[in-house]
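Below: one structure, written as structure tokens.
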Amino acid sequence: MTSSAQSPQCADPIGVFDSGVGGLSVLRALRAELPHENFVYLADSGHAPYGERDDTHMIERSRAITRHLSAQYGIKALVMACNTATAAAIHVLRQEHPSLPIVGVEPALKPALAHSQTRRIGVMATRGTLGSAKFRTLLESLNSQADFVCQPCDGLADAIEREDANKTIALCAHYISAIGQFGTKNGQVDTLVLGCTHYPFARQHLLALLGPDIALLDNGEPVARQTRRILRTLAPPDAPGHCTLLSTGDCSTLQRAARHWLGLDGPVESIRGV
Ligand code: DGL
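Positions 31 to 304 (the working numbering) are the ones given, in order, by the sequence shown.
Here it is in structure tokens:
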């Protein structure tokens, strides 16, 4: 199970993956909640973006990544830090790895319900997430309590991944205006769900467009708390945890994002064959 190359400081890590840098928004919450745990983060940028691909692609990628993280790192739990992959593949992974604790991420509709006063809630997510049976079931269970305006955001995760600020701002503006009128009066959208783990990295652009009265909600912190709950063993609190960073694509993108958003300076290992 555990790779002989694994160093003692990386023992029993928690595996975390996304199509690219987006899952770093979840890793940031995980490290805050579980500072002594080791993590191995895999950015599948060689096969991204996920959001406009079909379920077969998502299931194949999720399987290959889980196999790799289990065989090479002996992960003690897996966090699917991607809404799109979770929607398409978490049931398959749970069936195929019954003894591996697996946590997924889904758009924060329930927290949004608890927050919204106007009962009109915008949801930005990938086409894959919004079209999934898992999301539809979640939405159907809640849509008698509020109006959810769901907006597929084609290209937005990719623009964030490419660090293309102009395109990111233009797409945010476009999708926000498609959702409708934001504000705190009756009939206006007062809460926006960021239903893709890349979108928290566009938070400052969204805030500039929407103003301070609109709540932007993601699920990083609830996922981190859920991960703590399902862990069978916690790392001893004697040293800060270590993060190993892997990429199936361009390592420099992950390196820059990890440094910028998490202050992580370690090298990124290329794993193109996975
Ligand atoms: N970050 C991913 C999500 O949460 C998907 C981004 C993409 O590759 O389209 O859905």
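For glycine and all other residues, C-beta sits at the position ideal for the given N, C-alpha and C.
Assigned exposure category for residue i - 16 Cβ within 10 Å defines buried
| i | result |
| --- | --- |
| Asp188 | buried |
| Gly45 | buried |
| Glu67 | buried |
| Thr167 | exposed |
| Ala208 | exposed |
| Pro230 | buried |
Residues near residue i in its chain [Cβ-Cβ closer than 6 Å; skip 5 each side]
| i | result |
| --- | --- |
| Ile132 | Leu108, Leu123 and Arg124 |
| Thr274 | Cys40 and Val70 |
| Ala254 | Ala59, Leu60 and Glu63 |
| Ile151 | Ala142, Ala176, Phe178 and Thr221 |
| Asp42 | Lys106 |
| Pro182 | Arg157 and Leu160 |
| Ala78 | Ser49 and Gly50 |
Which listed residue (the options) has its alpha carbon closest to that of residue i
| i | options | result |
| --- | --- | --- |
| Asn249 | Gly225, Leu239 and Ala265 | Gly225 |
| Ala73 | Glu191, Arg259, Arg262 and Val51 | Val51 |
| Arg83 | Leu130, Ile190, Pro270 and Ser49 | Ser49 |
| Glu63 | Ala287, Ser282, Cys202 and Arg259 | Arg259 |
| Ala269 | Leu54, His87, Ser146 and Pro65 | Pro65 |
| Arg192 | Ile206, Val153 and Ala232 | Ala232 |
| Ala101 | Asp85, Ser75, Leu130 and Met88 | Leu130 |
| Thr159 | Gly81, Arg286, Asp243 and Leu54 | Gly81 |
| His235 | Pro128, Thr221, Asn196 and Gln181 | Asn196 |
| Val304 | Asp42, Ile206, Ser92 and Leu264 | Ser92 |
| Gly210 | Ala200, Leu222 and Trp291 | Leu222 |
| Ala245 | Gln256, Thr257, Gln218 and Pro128 | Gln218 |
| Met154 | Asn113, Gln256 and Ala265 | Asn113 |
| Pro242 | Thr257, Tyr229, Phe212 and Ala265 | Phe212 |
| Arg149 | Asp42, Asp184, Lys215 and Leu261 | Lys215 |
| Gln256 | Leu201, Trp291, His290 and Val56 | Val56 |
| Thr283 | Pro128, Ile190, Thr156 and Ala138 | Ile190 |
| Ser300 | Ala287, Cys281 and Leu292 | Cys281 |
| Leu247 | Leu292, Ile199, Thr227 and Ala287 | Thr227 |
| Leu237 | Leu54, Gly293 and Ile206 | Ile206 |
Simplified DSSP assignment, three categories, for residue i
| i | result |
| --- | --- |
| Gly45 | strand |
| Val304 | coil |
| Ala138 | coil |
| Leu275 | strand |
| Ala59 | helix |
| Ile105 | coil |
| Pro182 | strand |
| Asp85 | helix |
| Leu72 | strand |
| Asp188 | helix |
| Leu294 | coil |
| Gly152 | strand |
| Ser34 | Caution applies to Ser34, whose pLDDT of 37 falls short of 50 and renders its modelled position unreliable; the value that the coordinates give is listed next. Here Ser34 sits in coil by DSSP. |
| Glu299 | strand |
| Ile132 | strand |
| Val51 | coil |
| Tyr232 | Correcting the residue type first, residue 232 is Ala in the shown sequence and not Tyr. Here Ala232 sits in helix by DSSP. |
| Ala238 | helix |
| Ala118 | helix |
| Thr263 | coil |
| Leu64 | coil |
Neighbourhood of residue i by C-beta, 7 Å cutoff - its chain only, sequence neighbours within 5 removed
| i | result |
| --- | --- |
| Ser34 | Model confidence at Ser34 stands at a pLDDT of 37, short of 50, so the residue's coordinates are unreliable and nothing is read from them. |
| Gln285 | Val298 |
| Ala118 | Asp85, Met88, Ile89, Gly158 and Ser162 |
| Arg302 | Gly76 and Thr278 |
| Thr116 | Met110, Gly134, Val135 and Glu136 |
| Ala203 | Leu239 |
| Gly185 | Leu201 |
| Ala138 | Val223, Leu247, Asp248 and Asn249 |
| Asp194 | none |
| Ile120 | Met110, Ile132 and Gly134 |
| Pro267 | His66 |
Close beta carbons around residue i, own chain, < 8 Å, minus the five adjacent residues each side
| i | result |
| --- | --- |
| Gln147 | Thr214 and Asp220 |
| His290 | none |
| His127 | Thr96, Ser100 and Leu108 |
### Query
Per the contact definition of three or more C-beta pairs closer than 8 Å, is the region 89 to 98 in contact with the region 164 to 172?
no
### Query
Taking one C-beta from the region 175 to 186 and one from the region 140 to 150 each time, how about it: are there three or more such pairs within less than 8 Å?
yes
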